[in-house]
Structures are given as structure tokens and as C-alpha cells.
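So this is what it looks like as C-alpha cells:
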């Protein structure tokens, strides 16, 4: 994984066209406007385009061709099944524009584009995947902050012109995100393990518990924080995930098989009463999880603080108020649970640049705060 | 699952002995003192007993026999492998005392106790499992609040005297927790699905990712909130979990097999490109997860509020300060993530009795708050 060098790569991108103006498309539009670009957009659903325009993110156009005609860069943010067609159409309608997309899988889309586009146009196609989003959907819930500090993968194909990829990478940086370059295949393999497999595991666990609950109506009475953590993803959008998993099926099937093998190994250790083996497996996983907790690199430039918290009304308020008064934005907050519930520690994610000040201000206010990572 | 009727069942418990004075033992001692009991304790590690005594939770005794001699109730809170011996020793040394324990599995312990104790003593043994804890350990991190509002399973055996079980249940209520009665076997089956299986899945997923990372050093750069949710449990104590899983091996092996079967079904749907099948599986799991989110019954008497949150410094502080000023204690707080990160909504858990006031005070202060459950 390499960052693109900071060398200049052609003129900066001034005119942006968004194709597909839902939450992510409108959020990118808002971030692009914030960075000084002129933004237009089109959506197959005219109502969605109008709602996007109403946020002030972009001017709505009546057709894809109208939207992309004058663009320096087209960003395709449609649902996965529609991406390739929109990319091909954009390459054709805007012969000078660079084209990227926001699909959360890459190899399958790249194949579709390669078989539909003129080979001479492919140099201008730089596949992408901004790893941001929101639990909401629709343009009215968009915000420029959705792309702040996120990892934004660029997955150039062989035909992609390096200078084109550099221009897009520079533009992503101006939007406030972090461009990271991977091949489409490598991207798909990595997200299979860290995004798609967790989703499959969460959904399978919840589906199993729901079936068991039919025979044991009080099953979920005993479901503490751990079960809730593991099944939170199971509330995700079924249609979206069906599209993602099928589009990345080879990689996800391989990841599921590898996971099933791990589960099988641990199952045998348990069935055989191999206490040392189980403990070794758990120790290795624990060490890896602590390394992960100490390395919150999913978004560059953040730090994690650990703060003790008293069990009384207002305890959390004192912590957050202290940071608010110090103009520190809390990126994420987590009350840390043991496997069986309970509390007493809060993990706060803040911008790395604010971490030292945050610890200082918390300690001055009498809180037990340390920087974990 | 039935609650024990409120009928009086013998004199209230005044003298409590804690055997094993770590975090859970000392927390139970503190809650018992708060409820007016006289508490003594013993730990195989004299230093642990002294540290527990230093918190003011109990008076340390020099031996198990000394500790339990005058008790109305003995609560055994040792590690799982030591529970049966401590229960048998307590039944023998305190011929008038009731004896319970805090082991997170039951059937295996019950078998060991039944084979070691005098049959005539078994009527006084009421196996238990308080579903509380903390991510910390050791008596200095104990607090009476660890048991506040938790589900506390009582798993009487056939020999247990019903009146004895009722006395213990009344005492648990006085401590501020919620007694729930299950057979040992049913308890173990339910926790296998909602506690042990999630732990096994989390550990297996983290172990797999750690191995993959060795070949793909940047794998975890793409690990967003979902992966972190799924692997949080993997940081749990390896020795403790080796003991739990081996002690409940039949149930956990069955649960792993059922989970593997679910995974396998979803794998086939993906491999075959069965989009409708995948979507149906996801929809069923989503519906179940939303029911779970709407039913936070793991701790009786809590409510979950959904509150919108602006993306700026101090936004969270305004919410928590508003509740703190209204004397509402925040039991849990979660910034809600989409499968790929992002934010904008906070889920707050508060006491059900405070939910209406909390919503009112938040709305009055201009927040967009609704009660989810």
C-alpha cells in the first residue's frame, strides 16, 4: 500500500459531476464545494437529485450526459449494480473527464467497465472506494464531514494513466480524506476479511439466535454487551449487502472458509478438553486485538484516550464538557464493557493533533486520562 | 424462566461470607454492606483478601472455615476450577448456612459439588450466576454498582430447598439486582449461545485477521467500526475463557456447530449467486436485531434513547451535560456506526424510570430525542 507522491499531476480539479446523489454522493459534493469546486449532479431518481440540490451541495442536471459534459472529474456513487453502466456512459459523454466511483467492491466493477468501455477511454478511469458512510441514507443526511479523515482507496487498473490517478489522489486530499492505493484484487481481498466477513458472521450469529429464541423465548434476556457488539452489524441493509457479497463472491467465500476452519480448530480444542490449546488461541487473538486497539489507523490522524469514569449522574457529562470547553471534538466514544457487561472506563477518539491538549485538559479537571494510541 | 414469588421465606440474610474476594466478590460484599449486612471474607491469596478488606467491603478472615462459620449465606466467587471445592467446604464448615456461587457456567460445577458434598447438605446449595462484571479485575476496582440492576441467575438443583432459593432471591433483590430462575442445564445452553459463542466467534475472527495481516501488513488499515465491534471481545482473559469453554464444552460445541451450519448456508447462497436467498437471510437477521435493540432486557428497568448529534466540538457534551444537570445517570452510550463508519446518532441507555424525564429534558434543550425501547 503506497501513498501517491505529492508531485503535481496536471491542473487541479475544479468542476465535479456526481452521478448518484444519495448520502455518499451528496456528502462528496459538499466536501468538494467546501474545497472550492463547482459541483453538478444527476440521479436516476429525479426526486433524489432535487433533494440533493436542496441541500446546496450541487446543481441538479436532467441527464447523465448534461451532468458530466463539462466535468474535470465524474464521481459515480450509484448502487453497485448500476456503477459500471454509469462509468461507461460518463467516459463516453465526457471525453476529457477523469472518472472514478465509490463502489465498495472493485474487481467485478472493473471487469464490467472494461468490457463495456472503449479501450482508449480506460486511461481516464480510476476506480475508488471511500471508506466512509453513515447509518442514515438519503441526501438530506449528507455532510461534508462524512469524508473527513477517511481512508479513500484508489484502485487503478493497468490501463489507468498514472497522472490521472495522481490528480484524483490530490483532489481526495483537498477534500480532507486520505488516498490509499491498492490493486482492485487486493482491495477486494482485504475488505472481504475486515468488512464482509464480519458482516456475514454478525448476520449468521443473529439469525441463529433468532431461531433459537423461538424455542427459548428468554434467550435474549441473558444477552449482554458482547452479544450486542457482535450483532450490531446484523441490522445493515439487506439489499446493499446482497449486492456487495455477490459482487465479491470469490473472495468472501474464501474468507468464510478460512473463518470456518478457525472455528473448527477451536471447536476441536474445546471438545478435546485441550485447555492449553484454547488458552494459546485466545492469547494470540488477545495480543492481536490489543495491537489493533493501539493502532486506530482506519482514519489517519486520530488518537484514542482511556479515561476512568465514576458511576454517578453527570460523570460522562463532566468528561465531555471538559473536552467541549477545550474545543476538542470527540470523534468516537465507547464505554468499555467486560465480556459480561459492567463499565468504568471510556475510550475517546479525538484528532491526533488534539490528543495532547485533551489529556492535559482532562487531567487538569481531575480525570484519570491516558493516551492509548 | 420464572421469577420467585415475593412470599417471605425465612429470616432475611444478615451475615454474609464471601469466598474469593476479587472484583466480583468484593463488589457483592459492597452491595451486601449497602443493604445492611455484616460481611466477612476469605481468599486463597491473603494479599487479595487484605486488599478487599482495605476497601471497607468486608473483614478478612484467616481461613475459609473462619469466614463461613457464622454466615447466613456464603457466596463463592473463586475462579471456576476452585468453586466446587469451596462450595463443598462451606457446606461442611457452616451447617446452617445457605451457599451460592458466582460461576458463569453451572451444570459442571453442580456435578462436582454433588459428588463431593454430603447429600444432606445439598438442600442448602443454590447455584448462581450474577451477569455482571467489569473490564478491570482485583478488589480495588470493585463497586456496589457492579451488581445494580443486573440479571442474577439462580439455578437450583433438584435437591435445593425451595425456601432456601427464595431466601437467596429476596437477598439478591435487596442488593439491587434481578433474580431469575433457570435450571443449570438451561442456563448453560442459553449462555452458550449469547455469551460463549460470540466470544468464540470474536476470537476466531481476530485470530484469522492477525494471520492474514502477517501477509498483508495493511489489512487492518481498512478495518472500520464493524470489524472493531466484532473483535472487541477477543481482548478478554484467555485463562478465564479456557476455563469457561471447557466447563461448558458440550453446549458450546453444539452452538459452534449450529453457527458453522448457518455460515455454511449463507456461504452456499453467496457462492451460487442466490441474491434473493442472501437478501432473505439478511432481512430475517435484521428484523431480529431490531427487535433486540428495541428490547434491552439484559438489565431490567433500562430504556434506550436515540438522539441526533451534530458534528462539532461540544455536541456530545451538550447532551451529556443536559442529562447530568437533570440528575439522569447514563448507563451506556454508543455512537452509532454504519457498516463503514460515520456517525450522527447516539444511543443512550438510562434507567427506565428516568426515560420520560430524559427525553423531555433533551427535547427542551433542543435535541432530537426519541425513546427506542
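Residue numbers (the numbering used here), protein chains in the order written: chain A, 443 to 815; chain B, 443 to 815. Every residue gets a Cβ at the ideal spot worked out from N, C-alpha and C, and that includes glycine. Quantities reported herein were computed from a predicted structural model and do not represent experimental measurements.
request  = Report yes or no: is there a C-beta of chain A within less than 8 Å of the C-beta of residue 683 of chain B?
outcome  = yes
task = Please confirm if residue 561 of chain A has its CB atom under 8 Å from at least one CB of chain B.
result = no
inquiry  = Against residue 548 of chain B, what residues of chain A qualify as contacts under a CB-to-CB distance less than 9 Å, listed in chain order?
reply    = Correct list: empty, because the minimum Cβ distance to chain A is about 12 Å.
task = Quick one: which unbroken alpha helix (DSSP H) runs of 4-plus residues sit fully inside the segment 459-513 of chain B? Chain order, please.
result = 465-476, 488-496, 506-510
inquiry  = Quick check on residue 568 of chain A: does DSSP put it in helix, strand or coil?
reply    = coil
task = Following the continuous alpha helix (DSSP H) through residue 697 of chain A, name the residue where it begins and the one where it ends.
result = 691-713
Selected residue, minimal CA-CA separation from residue 567 of chain A, among A/601, A/797, A/767 = A/601
task = Taking C-beta pairs closer than 9 Å, name the residues in chain A that residue 542 of chain B reaches, listed in chain order.
result = Under the 9 Å cutoff, chain A gives no residues; its nearest Cβ is about 17 Å from residue 542 of chain B.
task = Using the Cα positions of residue 770 of chain B and residue 474 of chain B, report the straight-line distance between them to the nearest angstrom.
result = 25 Å
Residues that residue 732 of chain B bridges to, as DSSP identifies them = Answer is none; residue 732 of chain B lacks a bridge partner.
key: Opening and closing residue of the alpha helix (DSSP H) in which residue 552 of chain B lies   = 549-558
ask   = Under the DSSP definition of a beta bridge, which residues are partnered with residue 745 of chain A?
value = A/792
query = Can you list, in chain order, the residues of its chain whose CB lies under 6 Å from that of residue 532 of chain A, leaving out five sequence neighbours each side?
reply = 510, 516, 541
ask   = Which same chain residues, not among the five before or five after residue 535 of chain B, have their C-beta less than 8 Å away from its C-beta?
value = 506, 507, 510, 511
request  = Classify residue 687 of chain A as buried or exposed, calling it buried when 16 or more other Cβ atoms lie within 10 Å of its own Cβ.
outcome  = buried
inquiry  = Could you compute how far the alpha carbon of residue 612 of chain A sits from the alpha carbon of residue 636 of chain A?
reply    = 26 Å
key: residue 770 of chain A, enclosing alpha helix (DSSP H) - first and last residue   = Taken as a continuous stretch (DSSP letters only), residue 770 of chain A belongs to no alpha helix (DSSP H), as it is neither H nor E.
task = Return the chain-ordered list of same chain residues with a C-beta closer than 6 Å to the C-beta of residue 645 of chain B, the five sequence neighbours on each side being excluded.
result = 676
ask   = Quick one: does residue 617 of chain A have its CB under 8 Å from some CB of chain B?
value = no
ask   = Taking 8 Å as the CB-CB cut-off, is residue 657 of chain B touching chain A?
value = no
ask   = In whole angstroms, what separates the C-alpha of residue 472 of chain B from that of residue 610 of chain B?
value = 17 Å
ask   = Which residue comes first and which comes last in the alpha helix (DSSP H) that contains residue 612 of chain B?
value = 604-616
query = Checking contacts by CB at 8 Å: is residue 554 of chain A closer than that to chain B?
reply = no
task = Out of A/587, A/530, A/571, A/465, state which residue places its alpha-carbon closest to the alpha-carbon of residue 557 of chain A.
result = A/530
ask   = Quick one: Cα of residue 630 of chain B to Cα of residue 762 of chain A, how far?
value = 40 Å
ask   = Exposed or buried, which one is residue 525 of chain B when buried takes at least 16 other CB atoms within 10 Å?
value = buried
key: Sequence-distant residues of the same chain with beta carbon closer than 6 Å to residue 708 of chain A, five excluded per side   = 723
request  = Give a yes or no on contact between the segment 449-463 of chain B and the segment 476-496 of chain B, applying the rule of three or more CB pairs nearer than 8 Å.
outcome  = yes
key: Helix, strand or coil at residue 573 of chain B [DSSP, three-state]   = coil
request  = Give the residues of chain A in contact with residue 704 of chain B, contact being defined as C-beta atoms less than 9 Å apart.
outcome  = 645, 646, 647, 649, 650, 653
inquiry  = Counting only Cβ-Cβ distances shorter than 7 Å, please list the residues of the segment 717-729 of chain B near chain A, keeping chain order.
reply    = 717, 720, 721, 723, 724, 725, 726, 727, 728
request  = Would you kindly check if the distance between the Cβ of residue 581 of chain B and the Cβ of residue 490 of chain B is under 8 Å?
outcome  = yes
query = Among A/711, A/570, A/642, A/668, which has the Cα closest to the Cα of residue 679 of chain A?
reply = A/642
request  = Could you check how far apart the C-beta atoms of residue 457 of chain B and residue 513 of chain B are, in whole angstroms? I think they sit under 8 Å.
outcome  = 5 Å
ask   = Based on the DSSP secondary-structure assignment, which residues constitute the bridge partners of residue 542 of chain A?
value = A/517
message = Cutting at 6 Å between CB atoms, please list the residues of its own chain near residue 598 of chain B, excluding the five before and the five after it.
response = 568, 607
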